[in-house]
Amino acid sequence: MKQHILIFGAGGFVGGGVSRHLSATGHVVRGVTRSPESADRLRAASITPIIGDLENNLNALAAATKDADAIIYAAQLHPDAEHHAVSVLLDAIAGTNKRFIFTSGTGVFLQRTGGAWSQDSFSEEDVFTPEPLAARRIEVEALVRAAPKRDIHGIVIRPPEIWGPADHGHVAMTYRSVAATGTACYVGEGLASYSNVHIEDIARLYALAAERGEAGALYHGVGGEIPNRWIAEAVARDLGCEARSVSAEEANDVWGEFGALIMASSSRSRSPRARDELGWTAESTDMLAMIGEPRLKALAESAPPTN
2 MKQHILIFGA GGFVGGGVSR HLSATGHVVR GVTRSPESAD RLRAASITPI
52 IGDLENNLNA LAAATKDADA IIYAAQLHPD AEHHAVSVLL DAIAGTNKRF
102 IFTSGTGVFL QRTGGAWSQD SFSEEDVFTP EPLAARRIEV EALVRAAPKR
152 DIHGIVIRPP EIWGPADHGH VAMTYRSVAA TGTACYVGEG LASYSNVHIE
202 DIARLYALAA ERGEAGALYH GVGGEIPNRW IAEAVARDLG CEARSVSAEE
252 ANDVWGEFGA LIMASSSRSR SPRARDELGW TAESTDMLAM IGEPRLKALA
302 ESAPPTN
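Numbering (my numbering), first residue to last: 2 to 308.
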């Protein structure tokens with residue numbers, strides 16, 4: 002059934018991928034973005050752009066929910082600003098039974114293993130110890146999942162690492178480590194793993210959730226997982242260099258403090274609820290399929306980013 006869908010964060014990697022998929026499958030999509038350049042890309046994909054900023058134009062953007070059957074929140078804001086924005090948007094649609102899909106992430110149960118393996122792999126309803134940096138995000142998840150009490154069809158999607166045609170994530174960061182050190186780096190034992198999913202697969206999960214996701218539901222979407230050392234070894238083979246372990250201190254020099262945290266941590270997840278309730282499965286399951294792409298090889302020759 003064709004829906005009118007409003008997407009916040011449509012200029013980003015996730016929101017853009019979801020917007021294009023929904024538009025290509027027959028939905029009427031409006032996308033909120035902050036830049037004219039992103040707006041032009043949305044128009045090219047038959048998406049109606051709305052230029053605005055959730056921090057500076059929140060009330061006006063909340064009013065735009067009036068004409069939507071479903072709202073997808075895929076914006077990236079500071080935790081406090083995110084909490085405020087979602088609260089205002091939920092207030093705007095209370096009593097309408099509109100669908101509101103909030104994008105969280107499996108970083109909420111990130112485990113700081115120092116590069117070591119973790120046996121823990123979390124499904125949607127498993128209990129976990131929250132990552133302290135994600136405390137505010139977990140509060141937002143709870144707001145959205147409780148929204149059915151206000152006659153809002155609230156749903157949370159927690160993607161793992163999302164890969165595809167972009168220059169972020171573990172593979173890109175490993176190529177960048179070659180620019181910084183001449184070697185493909187991993188932290189400690191290199192057995193830390195972050196579950197992953199291709200952008201086109203996670204976009205299909207959003208479409209299914211918008212169509213028939215349960216009110217108050219939480220869905221994961223997992224395609225695979227790869228230990229960081231395997232990524233480094235694949236990059237090393239591609240570039241003809243060595244793969245090597247780095248300490249936490251050197252990792253900070255290579256990737257910055259937050260990047261080093263991600264590269265040293267595990268966040269393993271499973272998605273039984275998405276599979277059982279929505280019939281969702283991932284079609285692209287090997288993130289190492291990106292190895293050798295020219296855009297990634299170029300990162301090994303460029304200056305590393307600074308945090």
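Built from N, CA and C at the ideal position, the CB exists for glycine as well.
In the structure shown, the three-state DSSP call for Ile263 is helix. Judged by DSSP secondary structure, Asn58 falls outside any beta strand (DSSP E); it is assigned neither H nor E. By alpha-carbon distance to Tyr220, the top candidate from Phe103, Glu83 and Gly165 is Phe103.
Uninterrupted alpha helix (DSSP H) stretches at least 4 residues long and entirely within the region 113 to 177 occur at 136 to 146, given in chain order.
Here Ala244 is bridged, per DSSP, to Ala185. By the Cβ criterion, the region 11 to 21 is in contact with the region 191 to 208, since at least three pairs of Cβ atoms, one from each stretch, lie closer than 8 Å.
The way I'd put it, the region 87 to 99 does touch the region 51 to 71; three or more beta-carbon pairs between them come closer than 8 Å. Take the alpha-carbon of Ala181 and the one of Ile292: they are about 18 Å apart.
Taken through DSSP and simplified to helix, strand or coil, Val30 comes out as strand. Three or more beta-carbon pairs separated by less than 8 Å are not found between the region 26 to 37 and the region 117 to 126, which leaves the two stretches without contact.
Ranking Asp68, Gly10 and Asn98 by CA distance to the CA of Ala216 puts Asn98 first.
By the criterion of at least three beta-carbon pairs nearer than 8 Å, the region 2 to 11 is in contact with the region 68 to 78. Around the beta carbon of Arg137, fewer than 16 other beta carbons sit within 10 angstroms, so the residue counts as exposed. Beyond the five residues adjoining it in sequence on each side, Leu111 comes within less than 6 Å, by CB distance, of Glu132, Ser266 and Ser268 in the same chain, given in chain order.
The C-alpha of Gly224 lies about 10 Å from the C-alpha of Pro160. Minimum Cα-Cα distance from Arg44 among the listed residues Ala283, Ser24 and Ala237 corresponds to Ser24. For the region 188 to 239, the continuous beta strand (DSSP E) assignments of 3+ residues that do not extend past its boundaries occur at 194 to 199, 219 to 221 and 225 to 228, in sequence order. In the pairwise beta carbon analysis, the region 140 to 149 is classified as not touching the region 203 to 210: fewer than three pairs are separated by under 8 Å. One thing to note: Leu192 has its Cβ no nearer than 7 Å to the Cβ of Trp256.
If you check the CB distance, Ala185 and Ala135 do not come in under 7 Å.
Leu111 sits in coil when the DSSP states are folded into three classes, being neither helix nor strand. Where Ala71 is concerned, there is no enclosing alpha helix (DSSP H), although the beta strand (DSSP E) around it starts and stops at Ala71 to Tyr74.
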